[in-house]
Amino acid sequence: MITNMQMVYIATPLSCLIPAIVAGLFGWKIGRAMTHTITIAGVALASLLSLIILNDVYSGGFFNGVVYVWGSSGGFPFEIGFLIDKLSAMMMVVVTLVSLMVHIYTIGYMHDDPGYQRFFSYISLFTFAMLMLVMSNNFLQLFFGWEAVGLVSYLLIGFWYDRETAIFANLKAFLVNRVGDLGFLLGIAAVFMYFGTLDYSAVFATAASKQNITMEIIPGQEWALLTVICILLFIGAMGKSAQVPLHVWLPDSMEGPTPISALIHAATMVTAGIFMVARMSPLFELSETALNVVMVIGSLTALLMALVAIVQNDIKRVVAYSTLSQLGYMTVALGASAYSAAIFHLGTHAFFKALLFLAAGSVIIAMHHEQDMRKMGGLKNWMPWTYITAVVGSLALAGIPPFSGFFSKDAIIEAVHASQLPAAGFAYIAVTAGVFITAFYAFRLLFMTFHGKPRMDEHTLRHVKESPMTVTLPLMLLAIPSLGIGAIYMEPMIFGDFFGNSIFVLPEHNVLELVGQSFEGKTGLSLLGSFIYHALHPGPLWLAVAGIVLAWFLYIERPEIPALIKQRLEWIYNILDKKYGFDEFNQFVFAQGARKVGNQLWQKGEVKVIDGFFVNGSARVVSLVSKVIRHVQSGYVYHYAFAMIIGLFLLLTFFLPVKQ
Amino acid sequence: MLFDTHLLSLSIWLPIIGGILVLVLGGDHNANRIRWTALAVAIVELLLTIPLFTRFDKTTAAMQFQEKYEWISEFSINYHLGIDGIAMPFILLTSFLTVIVVISAWQVIEKRVAQYMAAFLIMEGLMIGVFSALDAILFYFFWEGMLIPMFLIIGIWGGANRIYASIKFFLYTLLGSLLMLVAFLYLYYQADHSFNILDYHDIKLDLTTQKLLFFAFFAAFAVKVPMWPVHTWLPDAHVEAPTGGSVILAAIMLKMGGYGFLRFNLPIVPDASHALSGFIITLSLIAVVYIALVALVQSDMKKLIAYSSISHMGFVTLGFFVFNAQGIEGGLVQMISHGFISGALFLCVGVMYDRLHSRQIGDYGGVVHSMPVFAAFMMLFAMANSGLPGTSGFVGEFLVILGAFQANFWFALLAGLTLIFSAAYTLWMYKRVIFGKLANKKVASLSDVNAREIIFLSLLAVFVLGVGVWPLPLLEVMHASVDNLLTQVSISKLPMP
């Protein structure tokens, strides 16, 4: 018996898949308008169904079951199935809503592009893959969705396939992600070997009993099984969620059209890793080593990438590095066992970062595809809607109350502060310093783009105008959650029981409870009020304000100073401008290295040794021997007779003594 | 009914007789009639083999569709056929791909059409014979017999260097199989004058003998797979072979090596298989890593795909010699899937070669501008070759990695590197050939795939996606036979001390 809700579960991803296939195969036939109508209708339906599911889940709905059996081997089934709980329902809503905004925005942004239908097909397919990923009830399907979003990301980054930079970036993105996926796949293999199943609930249920099992990967070194599994899975998350050192693909992926940057590289795909770790909380909780690793990697990403954002001049790249840094914040939260804070930040960030990307895209359209902020300025007079929404996004990013980013980010900082893990000390410094830097670069972008004197050329200046409604409407719609959801959902999501059983935290790791208690006791205010009150005191809020003031001073009040600083601190500037040299290192060691080794193996190993020496060598030996033998076959009867006599003589001398 | 009891015989002899008929029908003056006849034979053959799947009993490991007649009674050589869940999928793969090859040759082969079509049809029958023979001599007959049409295909319709390539191919495979014949003769006496392969499963053999037999079989099968370092005939053969030859070579002939390991090495000499598994695994991992790096730097597309095949076959032998269900079934699925994918990729190169007469990556660039539909097909097959989930390429690799991990973490890690490497060489090639600005006027004037090409590429695409999304039907037919094989390989055959 299939219940109504089960129908809804299956219909949600299908309502994205079917339009994607139709648009992909028949887009040329049905035309542009029809293509965007069916794909948008599909995603709108998926959003609606997701909201129904979320509502159902909050009135007690829950589902964990098989859709179909994919394969089996050695008596173990591999299934495709759904796990619908509070975590996946909440992710579905975020994914489909952001995707819907992006679909609408695309009508305006890609208006003149010849690949219009193809683009809609891709983004719908992406939404399908992402839904399969978050709805999965097992590791295999998670990996399916994982790789499928990687595929669509590859296709979308290389969407403008005649740009050399775009097709370089998409290959790079795919390969770097594959490095992470290798770790992930090995993690899955470890789970399969020791748990005998890939089903989440079965694995989580027995996880505690595997705590004392060790694995010997390097002879003589016994490592805890759960630590190995968690770190392998986390390597996968590092690839997809762009954590140092696997972050290098994300900035380059900005070669794709802007709606993609918003959909994939800010709001949804990159958060897959965060979602995955939160989903795996019953495993990660049992390995403090893994949690420490997660926290260190996250804080490195948060701090280092925020610093790079300061020196970028390409408007999309600033937002891209900001994304990296914010993903670092989410990862830190995971490491501190504040999973719900990570997911909360994931949600708020999805909206405000999609908003910032789409606002940047709106600016780029107005600038005739110019992305360099040094050639912008003063745009607020011509683009009021883009400007206002960008301000909302920037305030949310900087973490100023009451914008949504303030609540989610501050919760993370407090959680790290309360964490007892060894890595928490370093992480706390990194995330608080990050607040100042974030506010600075966010407002540097805002001031350079929208304030000051216009620096573009005459021609562009004459044509600057506000973007069409299809572009600005999604901006306004995204501005609402960027402003509102923080204050409304913080209390239930972080301190309440919002996620219920879908996230598991050991009592001794429960930092969020500690944070919550410390507020409740102090003041007579509500928890929300005291949270803000607390932040106002020595809290990071003042760091954010200081960052904004500094940005204002350097880019509005005294715009000549940044050049001076750049001159004085050239070596620091160079390090940041080169992004710490990750790209050069990878290019030299891995890309060129692999080709060099390959060439050597081919020229030396294949051509010279195997073919040259062994194969053709044996052929040469055979032909040499045959040359000698050929002389024997002269055709003269007396030669043969002579040979026969010799042979007979030899045989006799050899055998006769034996006979005696 | 003839049909019920002689399904395997019919499947073997129908294409052979059809091939001879095509030969008799004549020369290039009535080329079209020959093409249609060949297609009709291939399609009837495909329909004939489908009951092998639909009527297959998945619950038993016993040989099915058996036929047994005396052939040369003095030496107790029998005409003995039968298939299990390991052999059956390969027969369907063969009959399916022969249809594709016949369609793909339609407008491409214009000289000696009858001989070309006949060679493929006769080869089809012989290859199905290999997969269904249960008598060692019969097996050997089919095994050597199928070399001849392939030798001719490369030698007659091949490229400039075809003589070197065809002779290298022939000698390599012939030398390997001679040792196999010696092994058969030895086993004949050990098994009390029997050439029945199933009888060999019960012979007690000491470890040294087992090892010698193992190497005799290894010589035949490792060359076919091909395993490193006896693989160098393959890139040459592929480069020189016409498209159809490459497809059959990569998609089916290579699979006979893997099939041989499962049919002979594992069940007949299990103790040697265990003792030498480290050796085979090492060679397999070298193939996966070393060959992948070599593939990365190739400038000839066919050579690149040939090296990619060797690298993918490394997965197969790795999976077989970790001795668990995931490994063996993964290796089997990998072989089937590689049949579709490598066939499809060679056909893709063929499509471009027919138009531009070049296989060099450097001569292309921006093909997507002039051939968008083709670019979409090739994207799918390139992704499948990179093992993307949802395509058949993933299933085998995934299962083998699961199996290898149980044997050793490092096996799985090294094998898993293919995730990165296969994507690197395939997609890098794709980028240089398909993406980018139009490289030259010739590329700009390319015409997109025609209806005939769309037909065979779509057929392959359906299977690549079908097996990727739902491999269960394929896996289910293997379970009983693989379980049985695992039991056999776990029982020692050393004589009692």
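Residue numbers (our numbering), protein chains in the order written: chain A, 8 to 667; chain B, 1175 to 1671.
For each residue, glycine too, the CB sits at the ideal point set by N, CA and C.
This structure is a prediction, so every number in the text was calculated from the model and none was measured.
{"query": "Cβ of F33 (chain A) within 7 Å of any chain B Cβ", "result": "no"}
{"query": "Contact the stretch 1359-1366 of chain B vs the stretch 1397-1412 of chain B: 3+ CB pairs below 8 Å", "result": "no"}
{"query": "Separation of F443 (chain A) from A197 (chain A), as counted between CA atoms", "result": "41 Å"}
{"query": "Where K666 (chain A) falls, given that 16 or more other Cβ within 10 Å makes a residue buried", "result": "Interpretation of K666 (chain A) is limited by its pLDDT of 43, a score under 50 that renders its predicted location unreliable; no figure is taken from the coordinates."}
{"query": "Contact set between Y123 (chain A) and chain B, taken where Cβ atoms lie within less than 8 Å", "result": "Chain B residues near Y123 (chain A): none, gap ~14 Å exceeds 8 Å."}
{"query": "contact_flag[the stretch 1638-1651 of chain B, the stretch 1567-1581 of chain B] where n(CB pairs < 8 Å) is 3 or more", "result": "yes"}
{"query": "Closest residue to L1321 (chain B) among B:F1294, B:D1309 and B:A1307 (Cα-Cα distance)", "result": "B:F1294"}
{"query": "Beta-bridge pairing of S80 (chain A) - partner residues as DSSP gives them", "result": "A:F83"}
{"query": "Below-7 Å beta-carbon distance, E229 (chain A) vs any chain B residue", "result": "no"}
{"query": "Where V1496 (chain B) sits in the DSSP three-state scheme", "result": "coil"}
{"query": "Any chain A beta carbon closer than 7 Å to L1423 (chain B)", "result": "no"}
{"query": "Own chain residues within Cβ distance below 6 Å of A1216 (chain B), not counting five before or after", "result": "T1272, V1273 and V1276"}
{"query": "Chain-ordered neighbours of M1143 (chain B) on chain A, where CB pairs are closer than 7 Å", "result": "Here chain B has residues from 1175 to 1671 only, and residue 1143 (chain B) is not among them."}
{"query": "Short Cβ contact (7 Å threshold) for S509 (chain A) with L138 (chain A)", "result": "no"}
{"query": "7 Å Cβ cut-off: residues of chain B touching F186 (chain A)", "result": "The displayed chain sequence assigns Val, not Phe, to residue 186 (chain A). Near V186 (chain A) (Cβ distances below 7 Å), the residues of chain B are I1594."}
{"query": "Residue nearest to F1392 (chain B) in terms of C-alpha spacing, selected from B:V1607, B:I1190 and B:L1457", "result": "B:L1457"}
{"query": "DSSP-derived helix/strand/coil call for S630 (chain A)", "result": "helix"}
{"query": "Short-range partners of chain A found in the stretch 1530-1563 of chain B, where Cβ spacing is below 7 Å", "result": "G1540, V1542, M1557, L1562 and P1563"}
{"query": "Of the listed residues B:V1525, B:G1561 and B:R1533, nearest to M1545 (chain B) (C-alpha basis)", "result": "B:V1525"}
{"query": "Any 3 or more C-beta pairs closer than 8 Å across the stretch 122-136 of chain A and the stretch 69-85 of chain A", "result": "no"}
{"query": "Span separating the alpha-carbon of Y1374 (chain B) from that of F1494 (chain B)", "result": "20 Å"}
{"query": "Of the listed residues A:A366, A:R39 and A:E295, nearest to V325 (chain A) (C-alpha basis)", "result": "A:A366"}
{"query": "Chain A contact for A1586 (chain B) (CB, 7 Å cutoff)", "result": "yes"}
{"query": "Cα-Cα separation, S1673 (chain B) to F1264 (chain B)", "result": "With chain B running from 1175 to 1671 in the structure shown, residue 1673 (chain B) is simply not present."}
{"query": "Start-to-end residues for the beta strand (DSSP E) that takes in W1245 (chain B)", "result": "Q1238 to I1246"}
{"query": "Separation of A648 (chain A) from T1347 (chain B), as counted between CA atoms", "result": "38 Å"}
{"query": "Contact residues within the stretch 10-36 of chain A, judged by C-beta distance below 7 Å to chain B", "result": "none"}
{"query": "Among B:G1319, B:S1447 and B:A1597, the one whose alpha carbon lies nearest that of G157 (chain A)", "result": "B:A1597"}
{"query": "Positions along the stretch 162-177 of chain A whose CB lies within less than 7 Å of some CB in chain B", "result": "G165, Y168, D169, E171 and I174"}
{"query": "Counterpart residues of Y1253 (chain B) in DSSP-defined beta bridges", "result": "B:Y1243"}
{"query": "Length-filtered (4 minimum) alpha helix (DSSP H) runs lying within the stretch 374-435 of chain A", "result": "391-405 and 411-425"}
{"query": "Cutoff 8 Å; reference L1381 (chain B); Cβ partners in own chain excluding five residues on either side", "result": "D1445, A1446, A1449 and L1668"}
{"query": "Coil, strand or helix - M1670 (chain B) by DSSP", "result": "coil"}
{"query": "Beta-bridge partners of E223 (chain A), as assigned by DSSP", "result": "A:E229"}
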